[in-house]
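Written out below as structure tokens is the structure these notes cover.
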Amino acid sequence: MTKMVKFVWALCCYFGFAANLLAAQTLSVAVLTTNEQQSEVYRQVFADFEKQSNRYRIQLAFYSDSDFKRLLPNWLESGEHDLLYWQGGERLQTLIQQDVIQPINTLLTKAELQNSIQPAVLNSVSTETGTYALPLSQYGWGFYYNKSMFEELQVSPPKNWQEFVALCQHIKSQGASPLVQAVQEGWPVLAWLDYLSLDIGGTAYRQQLIDGESGNTPLTGKLVARFKQLLGQELFFAPERLWSWQQALQAVERNQVAMTLTGQFSEASIEPSSASNIGFFPFPRQNNANKGEIAPLEVWVVPRSAKSKNELTDLLRYLLANDASMAIELGALPVTTDSFTQQLPNERMKISAASLQEATELVQFFDRDANPELAKNAARSLAMSIRDDASTALTDGLIEGMDVVYELNIEPDSAPLPQLYFASITGLKESYFASNLMQEIYQQLGYEISVTRFATVEASLNSYRFGGDGELMRVDAYKKLAPGLEQIPEPLANVAFYLVCKDLEMCASSLPRGSEVFVVNDLLVVKTWADENHLVTKRYDSIEALFDAFNKSDKGLLVLGASEIIDNSTMLTDSTYRTIISVPLYHYVHNKHQELVPLLNKALKQYKTTQQYQALKQRYWLQHN
-3 MTKMVKFVWA LCCYFGFAAN LLAAQTLSVA VLTTNEQQSE VYRQVFADFE
47 KQSNRYRIQL AFYSDSDFKR LLPNWLESGE HDLLYWQGGE RLQTLIQQDV
97 IQPINTLLTK AELQNSIQPA VLNSVSTETG TYALPLSQYG WGFYYNKSMF
147 EELQVSPPKN WQEFVALCQH IKSQGASPLV QAVQEGWPVL AWLDYLSLDI
197 GGTAYRQQLI DGESGNTPLT GKLVARFKQL LGQELFFAPE RLWSWQQALQ
247 AVERNQVAMT LTGQFSEASI EPSSASNIGF FPFPRQNNAN KGEIAPLEVW
297 VVPRSAKSKN ELTDLLRYLL ANDASMAIEL GALPVTTDSF TQQLPNERMK
347 ISAASLQEAT ELVQFFDRDA NPELAKNAAR SLAMSIRDDA STALTDGLIE
397 GMDVVYELNI EPDSAPLPQL YFASITGLKE SYFASNLMQE IYQQLGYEIS
447 VTRFATVEAS LNSYRFGGDG ELMRVDAYKK LAPGLEQIPE PLANVAFYLV
497 CKDLEMCASS LPRGSEVFVV NDLLVVKTWA DENHLVTKRY DSIEALFDAF
547 NKSDKGLLVL GASEIIDNST MLTDSTYRTI ISVPLYHYVH NKHQELVPLL
597 NKALKQYKTT QQYQALKQRY WLQHN
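Residue numbers are given in the numbering used here: position 192 of the sequence shown equals residue 188, and the series is strictly consecutive.
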């Protein structure tokens, strides 16, 4: 092929491609997402559709929960987006009644929908006049719990309400926190109303609550009494704090608390390193006859005002065909008629799916079905009862029908955390391990920390003088030399030191008195070992100077930590080494912070049982100890 022919061919290809782009139909889709992982799932799904269809371009827009709901009325009027994520229950019914969404059965056939979607789910989005939404997914609710805490306390998930209350009381008696509840957003706490009302009086009584007609009735009295069994015993962790659902889940992951009531939208927010340690059990009931479950439904709706609504059939058909896989990727449960249980990625979701399948009644969520003001008041009532550890607010809100004002005695979570300043010895990898570890521990207690590294003596001075709040890490013997500091009894980790020798025989035996040992830090534990063995230490200012002296000497002796050995392994090929010291490292706080000692000790003990702690040790080579 000549150059001219190739050029003409390239031009033809280019303009053909450009023509295809120009001819492509642009469809605008707006989605509510809670994290980047969910957004990425949507990006991939719609990108795959573009490739498969070769005639559509999808313009995706992602919004937070609050922004989406705030902008939705404008979108429905303007037709800015062709396809919208939305939610089932009363929220969907409101749009149907307002006649602002297009029936899906005008774009897909009735047979397509019936053959693909579970009947109960399809009925929930349909009226006599048509099917108004394409179901996307549903998700269950229940308790996410910390497996290692359950194992340590020798307890197991409860089978009924009585066992649940006893479980909470037992966990509390062992010095741990049983429950944490998200109240920041308002709506998560309403799950308690849904489950307790379903258990006490089924969907009929729940509907009375939603309609604001329950009032001073025996069933409402029973509901308050049931929740009161959890109050007055400090069973909720840090109830004065405005926990978001993400923060509540993190508290469970970090061994701060045993369990939290939340929905399976949480799946995407579980840290991969914590996933195997998080279990799930359904809400425990007292009345086994009323096996009601919360199963919020996510759907797609088409605004009547959408400019390209008649071009959506191919896209809707594609979403229907790929519904199961997309739902699972989003951390939710499919709504298709296919058998999908074995495709679910973990045991938590399988347990939830089984619970929904066994349920005698399925409902959306309280705030999706109730009047917004009623839902807000109910959420405030529950949140205040949890905060005050008393049922007064719940009684006022549900039985007396009063408007409850939720006043907080703390600053919002967005306020900057108080900061503490710690000194540490420079040049030690273990110091960076301790810094990362204690950042986590202090954040759990509501503090940020700053670490400044000094030479050995200067670190000691700065730990309790010049406004210092303590020393990041030291050995046990240090407490005798620092009367102004309090030791946290639980050690951070064990650290090992090694004697490195050029002479194998020398390294294997006791060293002659007066032998010179090269070191790079004036560490107390090394100095103590040298004194006990009648050795002389010679300090060098840098690791480079240390190895230079070692290589030039005939019978060089070094004392190094595990991290220094690994970092400089190429320089130790003709050397041997043996462990001479293995000691625990401790965190020290200034005497002015004595109230923090038991809190830090407990938090540190709990954190050391996590996979995050093991990963941190491995990162800084402390696993070699």
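Each residue gets a CB set at the ideal place from its N, CA and C atoms; glycine is no exception.
Is Lys551 helix, strand or coil when you go by DSSP? As a first step, residue 551 must be located in the sequence shown, where it is residue number 555. In this structure, Lys551 counts as coil in the three-state DSSP scheme.
CB Ala254 to CB Asn142, shorter than 7 Å? On the sequence shown, residue 254 is found 258 positions in, with the first residue counted as 1. On the sequence shown, residue 142 is found 146 positions in, with the first residue counted as 1. Closer than 7 Å, so yes.
Considering only the beta carbon of each residue, do Gln360 and Pro292 sit closer than 7 Å? As a position in the sequence shown, residue 360 is number 364, starting the count at 1. As a position in the sequence shown, residue 292 is number 296, starting the count at 1. Cβ atoms of Gln360 and Pro292: closer than 7 Å.
Does the Cβ of Glu32 have 16 or more other Cβ atoms within 10 Å, making it buried, or fewer, making it exposed? Position 36 of the sequence shown, counting from 1, holds the residue named residue 32. The residue in question, Glu32, is exposed, as its Cβ has fewer than 16 Cβ neighbours within 10 Å.
Closer than 6 Å: is that where the CB of Pro174 sits relative to any heavy atom of the ligand ATP? Questions concerning the ligand ATP fall outside what the structure shown contains, since it holds no ligand whatsoever.
Tell me which same chain residues have a C-beta within less than 8 Å of the C-beta of Leu370, skipping the five on either side of it? As a position in the sequence shown, residue 370 is number 374, starting the count at 1. Counting only Cβ-Cβ distances below 8 Å, and skipping sequence neighbours, we find Ile206, Gly208.
Spatial neighbours of Leu192 within its chain, please: C-beta separation below 7 Å, excluding the five flanking residues on both sides. Residue mapping note: residue 192 aligns to position 196 of the sequence shown, counting from 1. Once the five neighbours on either side are set aside, the close Cβ partners of Leu192 are Leu219, Arg222, Phe223.
Tell me which residue opens and which closes the alpha helix (DSSP H) that Arg344 is part of. For the purposes of this step, residue 344 is identified with residue 348 of the sequence shown, where counting begins at 1. Element bounds for Arg344: 343 to 354.
Which whole-angstrom value describes the C-beta separation of Trp82 and Val298, a residue pair presumed to lie in contact below a C-beta threshold of 8 Å? The residue given as residue 82 occupies position 86 in the sequence shown. The residue given as residue 298 occupies position 302 in the sequence shown. Not really, about 10 Å apart at Cβ, beyond 8 Å.
At which residues does the beta strand (DSSP E) containing Ala200 begin and terminate? If you number the sequence shown from 1, residue 200 lands on position 204. Unbroken run through Ala200 is the alpha helix (DSSP H), 187 to 207; no beta strand (DSSP E).
One or two residues paired with Lys534 in a DSSP bridge: The residue you call residue 534 lines up with position 538 of the sequence shown. Paired residues: Phe514.
Below 8 Å on the Cβ atoms is my guess for Ala430 versus Leu468; work out the distance and round it to an integer in Å. Position 434 of the sequence shown, counting from 1, holds the residue named residue 430. Position 472 of the sequence shown, counting from 1, holds the residue named residue 468. About 5 Å separates the two Cβ atoms, so the contact holds.
Note down the Cα distance separating Phe546 from Gly552, rounded to an integer number of angstroms. As a position in the sequence shown, residue 546 is number 550, starting the count at 1. As a position in the sequence shown, residue 552 is number 556, starting the count at 1. Rounded to whole angstroms, Phe546 to Gly552 spans 5 Å at the Cα level.
Using the C-alpha atoms, what's the distance from Ile167 back to Thr391? As a position in the sequence shown, residue 391 is number 395, starting the count at 1. As a position in the sequence shown, residue 167 is number 171, starting the count at 1. One C-alpha to the other measures close to 27 Å.
Pull up the DSSP beta-bridge partners for Ala430, would you. Position 434 of the sequence shown, counted from the start, is the residue given in the question as residue 430. In the DSSP output, where bridge partners are listed per residue, Ala430 has none listed.
Could you round the C-beta distance between Phe45 and Ile54 to whole angstroms and report it? I think they count as a contact, below 8 Å. As a first step, residue 45 must be located in the sequence shown, where it is residue number 49. As a first step, residue 54 must be located in the sequence shown, where it is residue number 58. Confirmed, Cβ separation roughly 7 Å.
Determine the closest residue to Leu227 out of Arg383, Leu68, Gln440, with distance taken between C-alpha atoms. Here residue 227 is taken as the residue at index 231 of the sequence shown, counted from 1. Considering only alpha carbons, the answer is Arg383.
Nearest to Gln614 by CA position, among Gly211, Glu426, Arg509, Phe146, is which residue? As a first step, residue 614 must be located in the sequence shown, where it is residue number 618. Ranking Gly211, Glu426, Arg509, Phe146 by Cα distance to Gln614 puts Glu426 first.
Assign Lys604 to one of two classes, buried (16 or more other C-beta atoms within 10 Å of its C-beta) or exposed (fewer than that). Taking the first residue of the sequence shown as position 1, residue 604 is located at position 608. Its Cβ being crowded by 16 or more others within 10 Å, Lys604 is buried.
Excluding sequence positions up to five away, which residues of its chain have a Cβ less than 8 Å from the Cβ of Val532? Numbered from its first residue, the sequence shown carries residue 532 at position 536. For Val532, where only same-chain residues beyond five positions count, the Cβ hits under 8 Å are Gly510, Ser511, Glu512, Val513, Ala526.
Buried or exposed (CB count within 10 angstroms, at least 16 for buried), Asp78: Start at 1 with the first residue of the sequence shown, and residue 78 comes out as number 82. Buried, by the Cβ-count rule.
Classification of Ser506 by the beta-carbon crowding that lies within 10 angstroms, buried from 16 upward: If you number the sequence shown from 1, residue 506 lands on position 510. Under this definition Ser506 is an exposed residue.
Provide the residue(s) that pair with Thr332 in DSSP beta bridges, ordered along the chain. Within the sequence shown, residue 332 is the residue found at index 336, counting from 1. Bridge partners of Thr332: Ile113.
Using only alpha-carbon positions, find the residue among Asn212, Asp465, Ala20, Asp334 that is nearest to Tyr584. In the sequence shown, counting from the first residue as 1, residue 584 sits at position 588. Ranking Asn212, Asp465, Ala20, Asp334 by Cα distance to Tyr584 puts Asp465 first.
In three-state terms, what does DSSP make of Gly217? As a working note, residue 217 is residue 221 in the sequence shown. In the structure shown, Gly217 sits in a helix (DSSP, three-state: H, G or I).
Buried/exposed call for Asp363, threshold 16 Cβ in 10 Å: Position 367 of the sequence shown holds residue 363. Asp363 comes out buried.
In angstroms with no decimal places, state the Cα-to-Cα distance between Glu325 and Trp239. Position 329 of the sequence shown, counted from the start, is the residue given in the question as residue 325. Position 243 of the sequence shown, counted from the start, is the residue given in the question as residue 239. Rounded to the nearest angstrom, the two C-alpha atoms are 26 Å apart.
Where does Gln165 sit, in a helix, a strand or coil, going by DSSP? Walking along the sequence shown from the start, residue 165 turns up at place 169. Gln165 falls in the helix class under three-state DSSP.
Indicate whether the contact test is met: 3 or more Cβ pairs, each with one atom in the segment 245 to 260 and one in the segment 128 to 148, closer than 8 Å. yes
Please determine, among Leu194, Leu257, Glu591, Gln93, the residue with the shortest C-alpha to C-alpha distance to Trp137. Position 141 of the sequence shown, counted from the start, is the residue given in the question as residue 137. Among Leu194, Leu257, Glu591, Gln93, the Cα nearest to that of Trp137 is on Leu257.
Is it right to say Asp544 is buried, meaning 16 or more other beta carbons lie within 10 angstroms of its own, or is it exposed? Indexing the sequence shown from 1 puts residue 544 at position 548. The residue is exposed, with fewer than 16 neighbouring Cβ atoms inside 10 Å.
In the DSSP assignment, find the unbroken beta strand (DSSP E) run with Phe450 in it and report its ends. Reading the sequence shown from its first residue, position 454 is the one you call residue 450. Looking at the DSSP string, the run of the beta strand (DSSP E) that includes Phe450 is 444 to 450.
Three or more C-beta pairs below 8 Å linking the segment 118 to 127 and the segment 230 to 248: no
Give me the DSSP bridge partner(s) of Gly466. Taking the first residue of the sequence shown as position 1, residue 466 is located at position 470. According to DSSP, Gly466 bridges with Val585.
Endpoints, the beta strand (DSSP E) within which Arg250 is located: Here the question's residue 250 lines up with position 254 in the sequence shown. Per DSSP, Arg250 belongs to no beta strand (DSSP E) and is neither H nor E.
What residue range does the alpha helix (DSSP H) around Val41 cover? Residue 41 sits at position 45 when you count from the first residue of the sequence shown. Its alpha helix (DSSP H) spans residues 32 to 49.
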